[in-house]
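For the sequence shown, counting from 1, position 79 maps to 116 in this note's numbering; every step adds exactly one. The C-beta atom is built at its ideal place from N, Cα and C for all residues, glycine as well. For clarity, every value in this text was computed on a predicted model and none was experimentally measured. Below is one structure, written out as structure tokens; the observations come after it.
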Amino acid sequence: MIGEYARVTPAELDRALGDPEWALKLVIGRMEAESAQRPEPARARCLDVDKAWDALGFLLRRAAFPVDIVHGEQAVPDAEDWGYGPPRYLTPEQVRTAAGALAEMSGASLTAGVGPEDLARAEVYPAIVWERGEPLDYVSGYYDLLRPFFRAAADEGDAMLIWLG
């Protein structure tokens, strides 16, 4: 399971909410186009956080983060499964709130005081990684990619589609 993000304009979000099949085609097209280019997060329209999504969720809940940037805040109505469930989304305002909160917290501060044993005990996916005692650098690295991605989305007034693929 991979945590996936796609920036969409407010107009694209409106269309996606009424036509989730169109949204899936839009996102797949963007992901394919960017896979060859590999744009940096601030320029990307799509981003994934690999298997770090559950650890990010665990750490962000622990930090009382104001927006659910791992699963999204609202469900896309009538959407089919995009991998491991239907997509969810954040409004442009929620993206701005998230970008502001991300700017205030580094990846190192997000993981401070937490070790792999804490994630293993909480049964955070993928459990085998934490049971082996892998450092949380993997998680903070993906967190640090989310920061410029959300900042660029907020600066451009974008919304966000979020799903597990």
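Item, Value
"Under 9 Å between C-beta atoms of VAL113 and PRO129", "no"
"Beta-ladder partner(s) of MET197, from DSSP", "ARG44, LEU127"
"Short Cβ contact (9 Å threshold) for ALA190 with ALA140", "no"
"C-beta atoms of ASP87 and TYR162 nearer than 9 Å", "no"
"Residues that LEU84 bridges to, as DSSP identifies them", "TYR42"
"GLY144, enclosing alpha helix (DSSP H) - first and last residue", "144 to 148"
"Own chain residues within Cβ distance below 7 Å of VAL132, not counting five before or after", "PHE187, ALA190, ALA191, ASP195, ALA196, MET197"
"Distance CB(GLY40)-CB(LEU156) smaller than 9 Å", "no"
"For GLN111: DSSP bridge partner residues", "TYR126"
"Where ARG98 falls, given that 16 or more other Cβ within 10 Å makes a residue buried", "exposed"
"Candidates LEU50, LEU147, PRO47, of which the one nearest TYR179 by Cα", "LEU147"
"Rounded separation between GLY170 and ALA60 - CA only", "39 Å"
"Backbone CA spacing between ALA116 and ALA53 [nearest angstrom]", "9 Å"
"Nearest to VAL104 (by Cα), restricted to the options ASP85, TYR126, TRP119, CYS83", "TYR126"
"Length at least 3, wholly inside the stretch 165 to 193: the beta strand (DSSP E) runs in chain order", "none"
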